[in-house]
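**Q**
Number of protein chains: 2
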Amino acid sequence: MNLKTLALELGLSPTTVSRALNGYPEVSEATRRRVREAAEAANYHPNTQAKRLATGRAMAIGHIIPISDRHEIVNPVFADFIAGAGEVYARAGYDMVMTIVPDDSEARAYAELRSKGNVDGVLIHAPKVEDHRIAMLDTLGMPYVLHGRVSGSDSAFSWVDVNNKRAFERATNFLLDLGHRRIALINGIGEMDFARRRRRGYEAALKARDMAIDPALIVEGEMTEAQGHDAAREMLQWPNPPTAFLTASLLSAMGARRGIEEAGLVMGRDVSIVTHDDELGYLRNGTAEEPIFTATRSSVREAGRRCAALLIEQIESGDRSPRHELMEAVLVVGQSTGPVPTQ
Amino acid sequence: MNLKTLALELGLSPTTVSRALNGYPEVSEATRRRVREAAEAANYHPNTQAKRLATGRAMAIGHIIPISDRHEIVNPVFADFIAGAGEVYARAGYDMVMTIVPDDSEARAYAELRSKGNVDGVLIHAPKVEDHRIAMLDTLGMPYVLHGRVSGSDSAFSWVDVNNKRAFERATNFLLDLGHRRIALINGIGEMDFARRRRRGYEAALKARDMAIDPALIVEGEMTEAQGHDAAREMLQWPNPPTAFLTASLLSAMGARRGIEEAGLVMGRDVSIVTHDDELGYLRNGTAEEPIFTATRSSVREAGRRCAALLIEQIESGDRSPRHELMEAVLVVGQSTGPVPTQ
DNA sequence: TTGAAAGCGCTAACAG
DNA sequence: CTGTTAGCGCTTTCAA
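As given, the protein sequences belong to chains Z and F, one line each in that order.
For what it's worth, the numbering used here labels the leading residue of the first sequence as 1224, then goes sequentially.
For what it's worth, the numbering used here labels the leading residue of the second sequence as 1224, then goes sequentially.
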């Protein structure tokens, strides 16, 4: 069933049917209803490709997922993010097009996306401190929104980000308030923007109390279980070991926990862990024998929603003036078993 | 830059240029080369929408992600799966279109996908034991491949699956060999096909040794940390508690571990855990103080690759005869810190 | 080996 | 308020 035959059946021109279905004002209500009902009855849906070609709009948003053989690129968080974004796209009638590209051919991927014209805009994931993708997109003139930020020009483009600095400042303060004086930071890869900001938060908290920053207590790398384990194993046999670990991911925290146990120490008595993570999980802090975290999966989903909404608005309005949304991480302390609170 | 202007610049007709670029045989090699070079130089890429409209092929594969407010639908594994599928799509020139739909309007979503014509086939995730989506797709006549299976008609359609039954049978045997006689199974939601198969594997191992199956030792539900924790807490205060937990997810395993510790017991001495999971992580078994799992992330990625390849072949060849690929889970025992082996 | 012309299904000026 | 016409950028007969 297509426009033409539907119009034929109704004894109308394709134009009128199109107008009726697309809510143009110059159609009589009677006709519109008649057309709508017929379309419904015939289970008519306009062919997307034709619509796209005619309007020049792809009605699709691209997500480019860089992939490398070195790293675990696709982190679990990503799933929640696209779930959120997808909700918004579905409501607005956009498709979500996922493109997996090898790390080294990202430039080509963007250029192709542009000239092939199958997306109206792109959503950028996991920006690095200095991210060349921004410049590329500016050159191409394609609308985009960042999930995260890049160093420097915070205000030059639209982004949605969690306040990573504040989250880690709060977490560090939490541990400092408990009396910890040697706090290790098990962080993500240094060149990632979020990792940089988290580190800044950690450092800011220490500086605010006039405490020295010991570089030996900071580990940056892939946030794996092995990372946490190895760091804990090593640090805990120093003459002056840390009494607490602040980790950037649940996996690292799990590893640290294993390291602590292997060192014959007791979690929550000898050593504490506080973790930031977007996964569902529980870790105890040093006093209350209670779990604690600083972000939940649902907040990532919300970030996905907001990014998508921002991008769609930008595309549809043509207004490219940058907008920003900074979300505060949720610090959950003393949460007992059961579902994690939504926010 | 479009076909027309490129042809104009070359002093050729659009037809010839199109033919040259698409590898039609009736073009002289000289012309072909000249066209190819010009296209390269001009950074020409055919407009996807136009191509789609003209050929009637969407050059896109749909992934429908059902979403509900009750469950954590989008599991982390999903990210690895689409990473694998995406690799294949990219090579074959397909777009991956992700559609998030509320649980209750899946039927409509499929029908729309069909009539809007923006995908050539779909990939089905996380099938339930009895999955009505199969019937729907058959009605619509749209090519599809399942990641997983459904009960009964294994052979009626194409699928790629991990041998969940075998994996759990092996894991159970592993624990039985260590001398465990009361093994708890912390499983996924019962209506999911994979959960059903895992349970069958567990039961088969027990039956093979003429051991009774104690329903009280089987928990089915969402694979969260709380699930594992609550199960362990409760079971460990029974008069005859389990000495081992076989869990279907790393999160549940983490929870069980916490439950074990809270009960004042020692992991790897009093109680063992073996987990199946697609996440990167470590858990110790009951003897060697060494980590163990039965599946890694990379295997999920491989499943994504195979599903995608199967579907593309089906679409392009028009051959709908069902094909199946059963992947064996990887059982890793005695793995020490460091990256998880690829297979 | 190349080109002209029609058409994929829709939208959007422009008339009426 | 409705219809006619042209065209989005490509592919694909058919003819040369």
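A virtual CB, placed ideally from N, CA and C, is assigned to each residue, including glycine.
What span of residues does the beta strand (DSSP E) with Val1497 (chain F) cover, start to end?
**A** Ser1495 to Thr1498 is the extent of the beta strand (DSSP E) around Val1497 (chain F).
**Q** Is the CB of Arg1528 (chain Z) under 8 Å away from at least one CB in chain F?
**A** Not an interface residue.
**Q** So, with DSSP's three-state summary, where would you put Ala1379 (chain F)?
**A** Ala1379 (chain F): coil per DSSP, three-state reduction.
**Q** Assuming Ile1496 (chain Z) and Phe1468 (chain Z) are in contact, meaning their beta carbons sit under 8 Å apart, how far apart are those beta carbons, in whole angstroms?
**A** Rounded, the Cβ-Cβ distance is 5 Å, consistent with contact.
**Q** Excluding the 5 residues preceding and the 5 following Ala1454 (chain Z) in the sequence, name in chain order all residues of the same chain whose CB lies nearer than 6 Å to its CB.
**A** Taken in chain order, the residues that qualify are Ile1409 and Val1442.
**Q** In the DSSP assignment, find the beta strand (DSSP E) that holds Val1442 (chain F) and state where it starts and stops.
**A** Note, Val1442 (chain F): beta strand (DSSP E), Ile1441 to Glu1443.
**Q** Can you look up Ala1552 (chain F) in the DSSP assignment and give me helix, strand or coil?
**A** In this structure, Ala1552 (chain F) counts as coil in the three-state DSSP scheme.
**Q** Using DSSP with H/G/I as helix, E/B as strand and the rest coil, what is Met1282 (chain F)?
**A** Coil at Met1282 (chain F), not helix or strand.
**Q** Going along chain Z, which residues have a C-beta under 8 Å from Lys1339 (chain F)?
**A** Within chain Z, the residues near Lys1339 (chain F) are His1268, Pro1269, Asn1270 and Thr1271.
**Q** Suppose the cutoff is 6 Å on Cβ atoms and the five residues either side in sequence are ignored; what does the same chain contact list for Val1250 (chain F) look like?
**A** The answer, listed in chain order, is Arg1242 and Ala1243.
**Q** Run through DSSP, which three-state label would Gly1344 (chain F) get?
**A** If DSSP states are grouped into helix, strand and coil, Gly1344 (chain F) belongs with the strands.
**Q** Count the other C-beta atoms from every protein chain shown that fall within 10 angstroms of the C-beta of Gly1375 (chain F), then say buried if there are 16 or more, exposed otherwise.
**A** Exposed, by the Cβ-count rule.
**Q** Report buried or exposed for Gly1451 (chain Z), applying the criterion of at least 16 other Cβ atoms within 10 angstroms of its Cβ.
**A** Its Cβ being crowded by 16 or more others within 10 Å, Gly1451 (chain Z) is buried.
**Q** With burial defined as no fewer than 16 other Cβ atoms inside 10 Å of the residue's Cβ, what is the status of Val1489 (chain Z): buried or exposed?
**A** Its Cβ having fewer than 16 others within 10 Å, Val1489 (chain Z) is exposed.
**Q** Just reading off the alpha helix (DSSP H) that Pro1176 (chain Z) is part of, what are its end residues?
**A** For chain Z, the structure presents residues 1224 to 1566; residue 1176 (chain Z) sits outside this window and is missing.
**Q** Could you tell me whether the Cβ atoms of Val1342 (chain Z) and Val1320 (chain Z) are closer together than 8 Å?
**A** Yes, the Cβ-Cβ distance between Val1342 (chain Z) and Val1320 (chain Z) is below 8 Å.
**Q** How many whole angstroms separate the CB atoms of Ala1526 (chain Z) and Val1383 (chain Z), which I take to be in contact at a CB cut-off of 8 Å?
**A** Indeed they touch by this definition, with Cβ atoms about 5 Å apart.
**Q** Name, please, each residue of chain F whose Cβ falls closer than 7 Å to the Cβ of Leu1276 (chain Z).
**A** Going along chain F in sequence order, the residues near Leu1276 (chain Z) (Cβ under 7 Å) are Gln1272, Ala1273 and Leu1276.
**Q** For Glu1329 (chain F), which option in F:Gly1482, F:Gly1309, F:Val1258 and F:Ile1287 has the closest C-alpha, if you only look at C-alpha atoms?
**A** Checking every option, the nearest Cα to that of Glu1329 (chain F) belongs to F:Ile1287.
**Q** Taking 8 Å as the cut-off, does the segment 1425-1433 of chain F touch the segment 1384-1396 of chain F (at least 3 CB pairs, one atom from each stretch)?
**A** Yes: the two stretches touch, three or more of their Cβ pairs being nearer than 8 Å.
**Q** Would you kindly work out how many angstroms separate the C-alpha atoms of Glu1512 (chain F) and Gly1491 (chain F), rounded to a whole number?
**A** With a pLDDT of only 42 at Glu1512 (chain F), under the threshold of 50, the placement of this residue in the model should not be trusted, and no figure is reported.
**Q** Could you pull the start and end residues of the alpha helix (DSSP H) that Asp1327 (chain F) belongs to?
**A** Here Asp1327 (chain F) belongs to no alpha helix (DSSP H), and DSSP marks it neither H nor E.
**Q** Taking only the alpha-carbon atoms, compute the straight-line gap between Ile1535 (chain F) and Ile1347 (chain F) and give it to the nearest angstrom.
**A** Using only the alpha carbons, I get a separation of about 14 Å.
**Q** For Ile1305 (chain F), I'd like the list of residues in its chain whose CB is within less than 8 Å of its CB, leaving aside the five on either flank, ordered along the chain.
**A** Once the five neighbours on either side are set aside, the close Cβ partners of Ile1305 (chain F) are His1286, Met1319, Met1321 and Gly1527.
**Q** Tell me where the beta strand (DSSP E) around Leu1408 (chain Z) begins and ends.
**A** Residues Ile1406 to Asn1410.
**Q** Measure the alpha-carbon distance for Arg1420 (chain Z) versus Ala1407 (chain Z) and round it to whole angstroms.
**A** Each residue's alpha carbon lies about 16 Å from the other.
**Q** Just to confirm my understanding: we take Gly1309 (chain Z), look at its own chain, exclude 5 residues before and 5 after, and list those with CB closer than 6 Å. What are they?
**A** Answer for Gly1309 (chain Z): Met1319, listed in chain order.
**Q** Comparing the C-beta of Asp1318 (chain Z) with each C-beta of chain F, is any distance below 8 Å?
**A** Yes, because at least one Cβ of chain F sits closer than 8 Å to the Cβ of Asp1318 (chain Z).
**Q** Is there a Cβ from chain Z that is less than 8 Å from the Cβ of Gly1504 (chain F)?
**A** With a pLDDT of 41 at Gly1504 (chain F), under the threshold of 50, the modelled position of that residue is not reliable, and no figure is offered here.
**Q** Where Val1385 (chain Z) and Arg1255 (chain Z) are concerned, what is the direct C-alpha to C-alpha distance, given to the nearest angstrom?
**A** Those two C-alpha atoms are separated by around 46 Å.
**Q** Let me see if you follow: with CB-CB separation under 8 Å, is Ala1531 (chain F) close to chain Z or not?
**A** Chain Z, which has no Cβ nearer than 8 Å to the Cβ of Ala1531 (chain F), makes this no.
**Q** Look up Val1368 (chain F) in the DSSP assignment and give the residues it is bridged to.
**A** DSSP lists F:Leu1346 as partners of Val1368 (chain F).
**Q** To the nearest angstrom, how far is the alpha carbon of Thr1238 (chain F) from that of Arg1356 (chain F)?
**A** Thr1238 (chain F) and Arg1356 (chain F): Cα-Cα distance of roughly 42 Å.
**Q** Which residue's Cα is closest to the Cα of Ala1439 (chain Z): Z:Thr1447, Z:Lys1430, Z:Pro1464 and Z:Met1415?
**A** Among Z:Thr1447, Z:Lys1430, Z:Pro1464 and Z:Met1415, the Cα nearest to that of Ala1439 (chain Z) is on Z:Pro1464.
**Q** Does DSSP put Pro1438 (chain Z) in a helix, in a strand, or in coil?
**A** In the structure shown, Pro1438 (chain Z) sits in a helix (DSSP, three-state: H, G or I).
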